Each structure stands twice: as structure tokens, then as C-alpha cells.
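Asker: The structure is given below, and queries will be raised subsequently.
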Amino acid sequence: MNLWRKISSLLRKRGSESSESQLEACQELIGYRFRDRDLLHLSLTHRSIARAADISQPSNERLEFLGDSVLGVIIAEELFRHHPRATEGDLTKQKAMLVNETTLAQVAIEVGLNQFIFMSPEEDRSGGRERPSIVSDAFEAVIGAVYLDGGLDAARNLVLGFIYSRKALILNDLAQQNYKGDLLELVQGRGEGMPRYEVLSETGPDHDKTFEVAVSINGSSLGTGSGSSKKEAEQKAAREALSNLAQQSE
């Protein structure tokens, strides 16, 4: 367990830690020290606190709005510079995978940033600290806060260190790839109808099943795939179908 996971574990003990110590540890985690620490505090403040206290305390929603745009600009620029031969469509798909809710939440939870979010006890008990929408919004709000406090270069360092450095893993994550969507787009563009997915087999006990799925178009089988869920198996079948269609067109 690395240093910041240890800090995150300690921060779960809310009653014994002050907000100042949380902010101090959070700055160490993200590798940036704020001139205006109130910006960091605001970026980590979920609206449930104000709602629970019935007050008009501001939340991180406005900073999340800003951070979303800053994140998009930074990722778009990096992809543009590093992939000079990629088409607009390819760049758009890669960017979408790098900045979406799933990616941001996974990264934030992995490094422990979610443990620093200020939220109501009720929200915390209901699993808010693991909820992707809350965690990803807070991550974007932190990016927005860093941008306001230190400028674009500071925000870029944060985004490159936490997100773009994981680009290969994120882009190769099967759960994030939408092979089914790509296959549908391709065959509809050719006027070939809708892909049909069929479960060929289910093996193993209920808690550890393996599904095998085939995908066909107009009765012609184009690919098969297996996985621990139907969704995973369908994605793998669609990926194989796309590969086979690409070979046919060569």
C-alpha cells in the first residue's frame, strides 16, 4: 500500500481528522499546493452538505463545469500532438474514453481522491464516496480549482499525471470500448441491417459463469466471443467481427 492509500485510509476516520488536515493530505496527493486553499475546499464540497444543513453553502458544481472544459482542452491537445495521422473520428473516440465519468471515477478511486470529498453523513453511508457521478464530478472540480489557482500549466500537470499517463490502459480497457456500437455503425453505413447476437453456451456455476456469444449479419456469422458476462462476450464477438470485416475489405 503506497503512502497516499495509507493517508486515504486514515481519512476514513472522519471524526478524528480536521478539514485542514484533509486538505493538506489532498494537496500532497495531487502534487499541487494551492495559494487559495478555499478553492480546493470548494472543489471537494458535494451539494449534499448544503442540502443536509438547509443552507445556501456553495458546492463544487460550478468548478466541475469549468474543470470539464479544461480537461477536454488538455486531452484534445495531447491527442492532437501525439497522433498526427489519426482521423477526427479516432481522436474523438479516444478523447471520449479518457474524459468520461467511468474513467475519472476509476482513477480517482484508485488513487484515493474520493476519500477527500466533503459530503453529508447520509450520502457517505449510502455509498456516495464510491458513486461514479459524485467522484468524477469532484475530480473535474479539482481540475477546475487547480486551473483557477495555478493556470493551465498546473492543470495540465495534474491531468497528464493522473489521466493521460494511464492512456494505454484506459484505451485498451474492453469495458470502455464500444465495439458493438462501432460494428452497428459500420454495417448500417453499408446498408446491411442490424447485427444479431446469440448466446451459444453458458458454462460454470451461477457465481462464475462463462458465456459464449456469436454475432451475425443477415444470417452470416462474423465473430464469436466469451466472457464472464453476456455484455463482455458480445463486445468480444463484435471486436472479432470488426477484425474479420476489415480483413475482407483489404
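Using this note's numbering, the letters of the sequence shown correspond one by one to residues 34 to 283. Backbone N, C-alpha and C define an ideal beta-carbon position, used for all residues, glycine too. None of these values were measured; they are calculated from a predicted model.
Reducing DSSP to helix, strand and coil, say where Q268 ends up.
Answerer: Locating residue 268 in the sequence shown gives position 235, where the first residue counts as 1. Helix.
Asker: Out of curiosity, what's the CA-to-CA distance linking G256 and D123?
Answerer: For this step, residue 256 is matched to residue 223 along the sequence shown. For this step, residue 123 is matched to residue 90 along the sequence shown. Spanning the two alpha carbons is a distance of roughly 23 Å.
Asker: Compare the Cα-Cα distances from G194 to each of L137, P228, R229 and L219 and report the closest residue.
Answerer: The sequence position of residue 194 within the sequence shown is 161, counting from 1. When only C-alpha atoms are compared, the closest one is L137.
Asker: Report the three-state DSSP secondary structure of F195 (helix, strand or coil).
Answerer: Here residue 195 refers to the residue found at position 162 of the sequence shown. The answer is helix: DSSP assigns F195 an H, G or I state.
Asker: Return the chain-ordered list of same chain residues with a C-beta closer than 8 Å to the C-beta of L219, the five sequence neighbours on each side being excluded.
Answerer: For the purposes of this step, residue 219 is identified with residue 186 of the sequence shown, where counting begins at 1. If we look at L219 and ignore the five residues flanking it on each side, its Cβ neighbours are L275 and L278.
Asker: Excluding the 5 residues flanking L99 on each side, which residues of the same chain have their C-beta closer than 6 Å to its C-beta?
Answerer: Reading the sequence shown from its first residue, position 66 is the one you call residue 99. Here the set comprises G177.
Asker: Would you call L73 buried or exposed, if buried means 16 or more other Cβ atoms sit within 10 Å of its Cβ?
Answerer: Stepping through the sequence shown from its first residue, residue 73 is reached at position 40. Under this definition L73 is a buried residue.
Asker: So for F149, helix, strand or coil by DSSP?
Answerer: Looking up residue 149 in the sequence shown gives position 116. Looking at F149 - three-state DSSP - the assignment turns out to be helix.
Asker: Which residue from S253, E110 and G260 puts its Cα closest to that of D186?
Answerer: Position 153 of the sequence shown holds residue 186. Out of S253, E110 and G260, E110 has the C-alpha closest to the C-alpha of D186.
Asker: Is it buried or exposed for E94, if we count other Cβ within 10 angstroms and need 16 for buried?
Answerer: Here residue 94 corresponds to residue number 61 of the sequence shown, with the count starting at 1. That one is exposed.
Asker: Would you give the residue range spanned by the alpha helix (DSSP H) that L202 belongs to?
Answerer: For the purposes of this step, residue 202 is taken as residue 169 along the sequence shown, with counting starting at 1. Element bounds for L202: K200 to L204.
Asker: Can you confirm whether F149, when its beta carbon is compared against all beta carbons of chain B, has any partner nearer than 8 Å?
Answerer: The chain inventory of the structure shown lacks chain B, comprising one protein chain alone.
Asker: Give the DSSP-derived three-state secondary structure of R229 in the structure shown.
Answerer: Walking along the sequence shown from the start, residue 229 turns up at place 196. R229 falls in the strand class under three-state DSSP.
Asker: Would you kindly work out how many angstroms separate the C-alpha atoms of F244 and E273, rounded to a whole number?
Answerer: One-based indexing of the sequence shown puts residue 244 at position 211. One-based indexing of the sequence shown puts residue 273 at position 240. Whole-angstrom Cα-Cα distance: 16 Å.
Asker: Given this structure, state the Cα-to-Cα distance separating Y65 from V179, to the nearest angstrom.
Answerer: As a working mapping, residue 65 is identified with position 32 in the sequence shown. As a working mapping, residue 179 is identified with position 146 in the sequence shown. Y65 and V179: Cα-Cα distance of roughly 8 Å.
Asker: Is the CB-CB distance between L75 and P91 below 8 Å?
Answerer: As a working note, residue 75 is residue 42 in the sequence shown. As a working note, residue 91 is residue 58 in the sequence shown. Contact flag set, yes.
Asker: Note down, one range per segment and in chain order, each alpha helix (DSSP H) of at least 4 residues found wholly within the segment 58-139.
Answerer: Runs found: 70-76, 80-86, 94-115 and 121-132.
Asker: Only counting the same chain, and skipping five residues up and downstream in sequence, which positions put a Cβ closer than 6 Å to that of L43?
Answerer: Counting from 1 along the sequence shown, the entry for residue 43 is found at position 10. Any reading at L43 needs caution, since the residue's pLDDT is 38, under 50, leaving its predicted position unreliable; the model's value is listed next. Same-chain partners within the cutoff: there are none.
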